[in-house]
Amino acid sequence: MTMWVAVIVAAAIAFGLKLAGYLVPASVLDDPRVRRVTAALPIALLAALIATQALTQKDGSLTVDARLAAVGVAVVALLLRAPFIVVVVLGAGTAALLRHLGWG
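Each residue of the sequence shown is one higher than the one before, counting from 13 in the working numbering.
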């Protein structure tokens, strides 16, 4: 399968999912269980992306390095209600410092 075939197939699947979303009856979407699940999905997806990026190497194996420490510092900054730009700078600075010190 060439790259363009994969792109076209992925675009068709995305379009089909969007179309299916418009065809779902409103009564299904108004169910409180559906609302709770759809409210939690972005949080779960973001957490999975962060965990994947912070804990895996290019070959898929698990690792603990400067990225995990940077995520930890960013979480602490978020818990202390720091502005988002400060969270990003602290996380990036932590990773850069630890890599400079040879961890990572």
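Beta carbons: idealized from backbone N, C-alpha and C, even for Gly.
For this session: Identify, in the order they occur along the chain, each residue of the same chain with its Cβ nearer than 8 angstroms to the Cβ of T68, setting aside the five sequence neighbours on each side.
Result: The residue you call residue 68 lines up with position 56 of the sequence shown. Take T68, set aside five residues on each side of it, and the residues of its chain with a beta-carbon closer than 8 angstroms to its own are L74, T75, in chain order.
Exercise. Going by C-alpha distance, which of D77, A32, G33, R45 is nearest L113?
Worked result: Position 101 of the sequence shown, counting from 1, holds the residue named residue 113. Considering only alpha carbons, the answer is D77.
For this session: Work out the CA separation of K30 and V88 for me, nearest whole Å.
Result: Stepping through the sequence shown from its first residue, residue 88 is reached at position 76. Stepping through the sequence shown from its first residue, residue 30 is reached at position 18. Their backbone Cα atoms lie some 37 angstroms apart in a straight line.
For this session: Pick out whichever of T14, R48, A66 has its Cα sitting closest to the Cα of G103.
Result: Translated into positions along the sequence shown, residue 103 becomes position 91. G103 has its Cα closest to that of A66, out of T14, R48, A66.
Exercise. Given a threshold of 16 other Cβ atoms within 10 Å of its Cβ, counted over all protein chains shown, does R79 qualify as buried or as exposed?
Worked result: Residue mapping note: residue 79 aligns to position 67 of the sequence shown, counting from 1. R79 is buried by the Cβ-count criterion.
Exercise. A107 lies in the alpha helix (DSSP H); which residues open and close that run?
Worked result: Position 95 of the sequence shown holds residue 107. Its alpha helix (DSSP H) spans residues 96-112.
For this session: Count the other C-beta atoms from every protein chain shown that fall within 10 angstroms of the C-beta of A86, then say buried if there are 16 or more, exposed otherwise.
Result: Residue mapping note: residue 86 aligns to position 74 of the sequence shown, counting from 1. Flag for A86 reads buried.
Exercise. Expressed to the nearest angstrom, what Euclidean distance is found between the alpha-carbon atoms of A12 and L109?
Worked result: Lying before the first or after the last residue shown, residue 12 is absent from the chain, which here runs from 13 to 116.
For this session: At 3 residues or longer, and completely inside the region 16-48: list those beta strand (DSSP E) runs for me, N to C.
Result: none
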